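Participant:
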Amino acid sequence: MVALFYFCNMATKNNNLSAFDSKKVPSGRGKKIGIVISEWNAEITEGLKEGAIEVLLECGTYSRDILTEYVPGTFELPLGAQFLLESKGVDAVIAIGCVVRGETAHFDYVCQGATHGIQEVGLHYNKPVMFCVLTDDTIEQSRARSGGKYGNKGIEAAIGALKMLSLKDKYK
-9 MVALFYFCNM ATKNNNLSAF DSKKVPSGRG KKIGIVISEW NAEITEGLKE GAIEVLLECG
51 TYSRDILTEY VPGTFELPLG AQFLLESKGV DAVIAIGCVV RGETAHFDYV CQGATHGIQE
111 VGLHYNKPVM FCVLTDDTIE QSRARSGGKY GNKGIEAAIG ALKMLSLKDK YK
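This is how it looks when you write it as structure tokens:
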């Protein structure tokens, strides 16, 4: 496998960043990871969830330490992440959603609210809350980024969570 060097870039037709070397990713052993998943566009969000869980397990996270909860839609992800941080004592949360552009401004409001909310929850709790929300123009683009030809953003979010936990541990 190829090591993942530039996590922050988006998977595009020229970059598939889902390939990784688990030896170069910090261990998840002893870490409790929450995954909050939007029920909306389940075909996509389930693929993202599978990618995230695969990485966490491969990198040493115990299956009993991976908690998954569902929320109705992407807009509810921040509150779902907050619930996990408050009541389950997780070290990090991966927020998984998918919003496909439609004919109205609804797309913009949902994307902005989820983005801002996920960021706020992470900053408030001083814990990684990873943004794993696809915001695509078409469902085909979402399929390509949830296990298709452009990789799986769930994989990248899980790697990001482990890297951020490692960084946090470094400065304790």
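First residue of the sequence shown: -9, per the numbering used here; consecutive thereafter.
By construction, the Cβ of each residue, glycine as well, lies at the ideal position given by its N, Cα and C atoms.
These figures come from a predicted structure and were not determined experimentally.
(1) Between Gly138 and Glu110, what straight-line distance do the alpha-carbon atoms span, to the nearest angstrom?
(2) Is it the case that the segment 68 to 88 contacts the segment 28 to 43, given that we only count it when at least three CB pairs across the two stretches are under 8 Å?
(3) If you draw a straight line from the alpha carbon of Ala42 to that of Gly144, how long is it in whole angstroms?
(4) Looking only at C-alpha atoms, which of Glu33, Glu29, Asp55, Glu76 sits nearest to Lys21?
(5) To the nearest angstrom, report how far apart Asn(-1) and Leu157 are at their CA atoms.
(6) Here's a check: name, in chain order, each residue in its chain whose Cβ is nearer than 8 Å to the Cβ of Val15, leaving out the five neighbours to either side.
(7) Would you grab the beta carbon distance between Val123 and Ala104 for me? Rounded to a whole angstrom, and I think it's under 8 Å.
(8) Exposed or buried, which one is Gln102 when buried takes at least 16 other CB atoms within 10 Å?
(9) Does the structure place the segment 76 to 83 close enough to the segment 24 to 35 that three or more beta carbon pairs sit under 8 Å?
(10) To which residues of the same chain is Ser132 closer than 8 Å at the C-beta, ignoring the five residues directly before and after it?
Facilitator: Concretely, from the data shown:
(1) 30 Å
(2) The segment 28 to 43 and the segment 68 to 88 touch, with no fewer than 3 CB-CB distances between them shorter than 8 Å.
(3) For Ala42 and Gly144, the distance between alpha carbons rounds to 4 Å.
(4) Asp55
(5) Summary for Asn(-1): the model assigns pLDDT 38, below 50, so the residue's position carries little reliability, and this model does not support an answer.
(6) Take Val15, set aside five residues on each side of it, and the residues of its chain with a beta-carbon closer than 8 Å to its own are Leu(-6), Val45, Cys49, Ile149, Leu152, Lys153, in chain order.
(7) Right, their Cβ atoms sit about 6 Å apart.
(8) Classification for Gln102: exposed.
(9) yes
(10) Asn31, Ile34, Cys88, Val90, Leu124, Asp126
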